[in-house]
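Residue numbers (UniProt numbering): 1 to 420. Reading through the structure tokens given below for one structure.
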Amino acid sequence: MNRRKFIENAGLLFVAALFTPIILNATGKENPTILIVSGWQDVNIGDIAHTPGLIALLKKRLPKARLILWKRSKSQLVEDLMHKHYPELRIINGKYETDNEVKQAYQEADFFIHGSGPSVIAADFLASWHKETRKPFGIFGVTIGEVSASLKNTLQQAAFIFTRETASIEVLKKAGLAGSHIAFAPDATFVLAIHDEQKAKQFMQANKLQQRKFICVIPRLRRTPYYKIKPNNNGWSEKTIREVNELNDKYKEIDHAKLREAMIAWVRKTKNKVVVCPEMTYQVDIMDELLINPLPADVKPFIVKHGYWLPDEAASLYAQATAVLSFECHSPIIAAANGTPSFYLRQPEDTIKGQMYYDLGLKDWTFEINETTGQQITERLMQVQGNYKAALNNVKSAVAKVDKQYDLALQVLTEKFNIV
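Now the structure itself:
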């Protein structure tokens, strides 16, 4: 078994152990029907990756369970991706009040799980489920930055609340929510198990990339310009658009100059290539301006661009890279899940979810960009390249900590539900 498969299988076994006792105990069935709400948006491979990660985990531990995915956003491209890797998966859209398929799922499902995300995005779905069915539900791997009165009422009904970093647990405590059913359980992207080896191989061949002899880099603006991505300017006012643009314009060159410094050093010292790739759709449009055009002439021939893609291809390419350096949060997770060292260049606007990297012992590979120089990123990258075996062991250690956190969450659940 190769390294990546070992990490995948170990992670799935440990992570999946969380769900078995609670779901089987709550439903009284060995083959429960589980409804999952996930799929918040499809312009971000990190958001897409939450869903197949959670599905992989459930299928590994509860092979007799029947899964229904209640996809919050509608995207044929992503639904085709899900059916490609999980052909038997049933996918529904819509709302309970207006969609007969959703009403049918309410009747059939024994348990409801809210998937990983930047918040309890589908709190309204959980409230609806509780009101209409009184059947149990749980929340897996979310960030909770604030707790409104309505959200608190919903959370009080949950069988379990797993947050993807410890900072959210403190938010819950301040809101008066505590108990053994609340635990730190990192993002489901850590158990992403889908790949597109063929596309990754074709891309590598077309661009003459060699295994473990290239790095991947991902740009990001301080605030995502959703007004350019979503209908009706995402509902933003002209004032909000102006403020977001001003913030992004202020920092985009300052931030990306630091990453370019590492790219330049990598090319000049190793003579190996750099793949500039996106985690979000809009980043395809900023690659040239921020990461490629300003490069010296001797470096540019070593730069390769990748268009927007899906997480299965990204996982396969990241698995072949020496390292992934990303301003986005989830590409480093996808890389780590595939055994590849990864740096998270964290911008302060990117919410408390970044605490997850510290919780998992990845401080040395997490760079608070306002407090970091390009030289520091460069030196750490060359350390990884110079002692690659140690870097690979560091990735394994981080994944093992993910497993341990899930195991600890299982312990508090078994105590709560008196499961032996």
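Ideal placement from N, C-alpha and C gives every residue a C-beta, glycine not left out. These figures come from a predicted structure and were not determined experimentally.
Sequence-distant partners of Leu362 (beyond 5 residues in either direction) whose C-beta falls short of 7 angstroms from its own C-beta, in its chain, are Ala398. Inter-segment contact for the stretch 169-177 and the stretch 59-69 is absent: fewer than three beta-carbon pairs are separated by less than 8 angstroms.
Taking the CA atoms as reference points, Lys201 sits about 39 angstroms from Pro32.
One alpha carbon belongs to Leu155, the other to Ile194, and they sit about 31 angstroms apart. Comparing alpha carbon positions, the residue from Trp129, Lys228, Gly117 closest to Gln104 is Trp129. Contact fails between the stretch 381-401 and the stretch 299-316, because fewer than three Cβ pairs, one in each stretch, are under 8 angstroms apart. For Trp70 and Ile92, the gap between their C-alpha atoms comes out near 5 angstroms. Among the bridge pairs identified by DSSP, Trp129 is matched with none.
A residue is called buried once 16 or more other Cβ atoms fall within 10 Å of its Cβ, and Ile292 is buried on that count. Remark: C-beta atoms of Asp187 and Met356 approach each other more closely than 8 angstroms. Taking C-beta separations shorter than 8 angstroms and ignoring five residues to either side along the sequence, the partners of Pro296 in its chain run Ile264, following chain order. According to the DSSP assignment, Glu253 belongs to the alpha helix (DSSP H) that extends over 238-270. In the three-state scheme derived from DSSP, where H, G and I count as helix and E and B as strand, His181 is classed as coil. Three or more Cβ pairs closer than 8 angstroms define a contact, and the stretch 225-240 falls short of that threshold against the stretch 329-340. Counted as a single uninterrupted DSSP element, the stretch harbouring Ala319 is not any beta strand (DSSP E), since DSSP gives it neither H nor E. About 7 angstroms separates the Cβ atoms of Gln347 and Arg220, confirming a contact at the 8 angstroms cut-off. DSSP places Ser75 in the coil class of the three-state scheme, outside both helix and strand. If you look at Glu108, you'll find it in the alpha helix (DSSP H) that goes 100-108. The beta carbon of Trp40 lies closer than 7 angstroms to those of Asp47, Arg72, Ser73, Gly117, Ile121 in the same chain, with the five residues before and after it left out. Under DSSP, the beta-bridge partners assigned to Thr366 are Tyr344. The beta carbon of Phe343 sits closer than 6 angstroms to the beta carbons of Leu325, Trp365 from its chain, once the five residues preceding and following it are set aside; these are given in chain order.
Burial is judged here by how many other beta carbons sit within 10 angstroms of a residue's own beta carbon; Glu371 has fewer than 16 and is exposed. For Thr166, there is no enclosing beta strand (DSSP E); the enclosing alpha helix (DSSP H) covers residues 166-174. Note that the C-beta distance between Cys277 and Ile218 is below 8 angstroms.
DSSP, read as helix, strand or coil, puts Arg134 in coil. In this structure, DSSP gives Arg90 an extended state, which the three-state scheme calls strand. Burial of Pro225 is indicated by the presence of at least 16 other C-beta atoms within 10 angstroms of its C-beta. In this structure, DSSP gives Phe160 an extended state, which the three-state scheme calls strand. The alpha-carbon separation between Glu253 and Arg134 amounts to approximately 52 angstroms. The continuous stretches of beta strand (DSSP E) do not include Thr378, which lies in the alpha helix (DSSP H) extending over residues 374-386. The beta carbons of Glu261 and Gln375 sit about 7 angstroms from each other, so the pair counts as a contact at 8 angstroms.
Between Ala49 and His330, the C-beta spacing is below 8 angstroms. Residue environment: Gln320 is assigned as buried (16 or more neighbouring CB atoms within 10 Å of its CB, all protein chains considered). Non-local C-beta neighbours of Asp359 in its own chain, meaning closer than 7 angstroms and more than five positions away in sequence, comprise Glu165, Thr166, Phe184, ordered along the chain. A straight-line Cα-Cα distance of about 31 angstroms links Asp312 and Val244.
DSSP places Phe203 outside any beta strand (DSSP E); the residue lies instead in the alpha helix (DSSP H), whose first and last residues are 197-206.
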